[in-house]
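Letter by letter, the sequence shown follows residues -26 to -1, 1 to 116 in mature numbering (1 follows the signal peptide of the UniProt record, and there is no 0). Here's the structure, in structure tokens; my notes come after.
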Amino acid sequence: MKTSNFKLLTIFTAMVLFIGTLTSCSDDDGSTANITVNEGPSGDIGGDFTGNGGNASRTINWTNNLATADYNADITATGTGTFNFVVADSDGIVVLDRTLNGGTEPDSIDGVTQAGEPGNWTVTITITSFNGDGSYSLSAGD
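Here's what the structure looks like:
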């Protein structure tokens, strides 16, 4: 059963990446959003995100040889919109699902994911109606 769920997650991830390739990160009204990967996906991963009211999503395949991961994300305190950080282990089980809302506290999150199955993890970052900037990072935990 776990293999079937993993295959479904892999197919879904491939579809999201394909659709993301076909669509732009900008809306027709001039709003834009962008998510970058500055380090990784081998070892630690991290990057930045910006927007002026737009939406964007990015999925990163990441090898985590440990059962947990340390995470960190922050947004500008005056930003608006939402930042969502979802991490699934190699079995496709979600071990982290955290959201930051712009214009409210807290404007940062950090901690350790729930324990999961080591291997190929999936990290999905989504920003919605986002206006501002921020950064994120993820590294293998204990």
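Backbone N, C-alpha and C fix where the C-beta goes; we use that ideal spot for every residue, glycine too.
Check	Outcome
Looking only at its chain, what residues have a beta carbon closer than 8 Å to the beta carbon of D81, apart from the 5 residues adjacent to it on each side?	D48, I49, T50, A51, G53, L74
Here's the rule I'm using: 16 or more other beta-carbon atoms within 10 Å means buried, otherwise exposed. How should D22 be labelled?	exposed
Under a Cβ-count criterion, where at least 16 other Cβ atoms within 10 Å of its own Cβ denotes burial, should S31 be classed as buried or exposed?	buried
Tell me the DSSP secondary structure of S(-1) in three-state form.	With a pLDDT of only 43 at S(-1), under 50, the local geometry of the prediction cannot be trusted, and the value read off the model is given with reservation. Strand.
Within the same chain, show all residues whose beta-carbon is closer than 8 Å to that of Q88, passing over the 5 residues directly before and after it, in chain order.	T42, V69, L70
Go to G25, then tell me how far its beta strand (DSSP E) extends in each direction, as first and last residue.	19 to 38
Consult DSSP for residue 156 and reduce its assignment to one of helix, strand or coil.	Not covered by the structure: residue 156. The range shown for the chain is -26 to 116.
Please confirm if the segment 91 to 111 is in contact with the segment 8 to 28, defined as three or more CB-CB distances below 8 Å between the two stretches.	yes
Could you tell me how far apart the beta carbons of G14 and I34 are, in whole angstroms, since I believe they sit closer than 8 Å?	7 Å
Under 7 Å between the Cβ atoms of N38 and W95?	yes
Name the DSSP beta bridge partners of G108, please?	F23, I49
Could you round the C-beta distance between G76 and G27 to whole angstroms and report it? I think they count as a contact, below 8 Å.	Not really, about 11 Å apart at Cβ, beyond 8 Å.
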